[in-house]
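Colleague:
Chains as they are written, first to last, in this note's numbering: chain P, 2 to 120; chain Z, 2 to 120.
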């Protein structure tokens with residue numbers, strides 16, 4: 002059993018939209034990711050997804066509203082809801098979601114990361 | 002869908018060892034709790050438990066070692082492992098764990114919180 006230092010792990014991430022697995026428990030992943038720019042519209046039919054902002058801020062675009070999520074805030078996007086994260090500047094996010102969750106949900110394209118690396 | 006501000010939620014907590022539910026997803030809870038002093042030895046037979054330190058630090062005592070967990074660090078205690086959190090000074094912690102998780106695990110006593118409040 003080893004503790005995980007988030008600051009250290011984030012310092013190892015030099016790309017965007019590429020989640021890494023920082024922990025696993027109860028069939029869920031704790032993932033760390035950096036965002037910048039616009040992602041794609043997608044949804045997860047079977048997984049709720051939590052976005053916890055560790056540093057910076059981003060906008061979660063939904064079809065009927067946009068929610069600005071800042072450092073020390075989290076947002077849970079329920080399964081089935083289309084969403085698109087957009088970050089003007091780089092943001093560091095902790096994701097909490099089932100291990101089965103594909104980053105691009107129902108869309109598979111060049112931004113899909115099927116088997117995230119551990120960090 | 003509403004974002005949750007951790008700093009605001011923590012400011013509402015004025016007691017110790019009494020986890021509140023700040024979010025729920027995929028059958029899991031995001032709980033917020035403040036610790037100070039010594040908890041009891043216990044284990045969870047069916048649940049892994051994640052302790053993410055938001056402010057301060059605490060020691061997780063295990064039967065074979067003690068792990069100091071500081072701000073921006075997390076520790077996952079696997080199911081079945083006896084543990085006891087101890088904090089010299091007040092510490093603020095985010096817990097990720099199945100909704101079924103009882104704070105005192107296999108022990109039921111006056112420190113048990115069977116149905117945590119939402120916050």
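Heads up, the beta-carbon is just placed ideally off N, CA and C, and yes, glycines get one too.
Can you give me the C-alpha to C-alpha distance between residue 71/Z and residue 111/P, rounded to a whole angstrom?
Modeller: The straight-line gap from Cα to Cα measures roughly 38 Å.
Colleague: According to the Cβ coordinates, are residue 7/P and residue 76/P closer than 8 Å?
Modeller: Not a contact, by the Cβ cut-off of 8 Å.
Colleague: Do you know whose CA, among 17/Z, 57/Z and 32/Z, lies nearest residue 38/Z's CA?
Modeller: Cα-wise, what sits closest to residue 38/Z is 17/Z.
Colleague: Can you name the residues of chain P whose CB is closer than 8 Å to the CB of residue 70/Z?
Modeller: Those within 8 Å of residue 70/Z in chain P are 4.
Colleague: Beta carbons nearer than 9 Å to chain Z: which residues of the region 15 to 44 of chain P have them?
Modeller: The residues in question are 23, 24, 25, 26, 27, 28, 29 and 31.
Colleague: Residues of chain P with CB under 8 Å from residue 67/Z, in chain order?
Modeller: The premise fails here: residue 67/Z is roughly 11 Å from chain P at the closest Cβ pair, so nothing lies under 8 Å.
Colleague: Where do the ends of the alpha helix (DSSP H) carrying residue 12/Z lie?
Modeller: Residues 7 to 12.
Colleague: Would residue 93/P be called buried (16 or more neighbouring beta carbons within 10 Å of its own) or exposed?
Modeller: That one is buried.
Colleague: Residue 78/P touches chain Z at which residues, Cβ-Cβ below 8 Å?
Modeller: Those are 2, listed as they occur along chain Z.
Colleague: Am I right that residue 44/P and residue 81/P are in contact with their C-beta atoms under 8 Å? What's the rounded C-beta distance?
Modeller: The pair is a contact, with the Cβ atoms about 6 Å apart (cut-off 8 Å).
Colleague: How would you label residue 24/Z, buried or exposed, when you count the other beta carbons within 10 angstroms and need 16 or more for buried?
Modeller: Residue 24/Z should be labelled buried.
Colleague: Please report the residue range of the beta strand (DSSP E) in which residue 85/P lies.
Modeller: Start and end: 84 to 99.
Colleague: Would you report the Cα separation of residue 19/P and residue 117/P, rounded to the nearest angstrom?
Modeller: Rounded to the nearest angstrom, the two C-alpha atoms are 8 Å apart.
Colleague: Tell me the rounded alpha-carbon separation between residue 91/Z and residue 40/Z.
Modeller: Rounded to whole angstroms, residue 91/Z to residue 40/Z spans 13 Å at the Cα level.
Colleague: Chain Z beta carbons: is any one of them nearer than 8 Å to that of residue 117/P?
Modeller: By this cut-off, residue 117/P is not an interface position.
Colleague: Cα separation between residue 98/Z and residue 46/Z?
Modeller: Approximately 13 Å between the Cα atoms of the pair.
Colleague: Thinking just about the alpha-carbon of each residue, which of 12/Z, 29/Z and 9/Z is nearest to the one in residue 102/Z?
Modeller: Ranking the options by Cα distance to residue 102/Z, first place goes to 29/Z.
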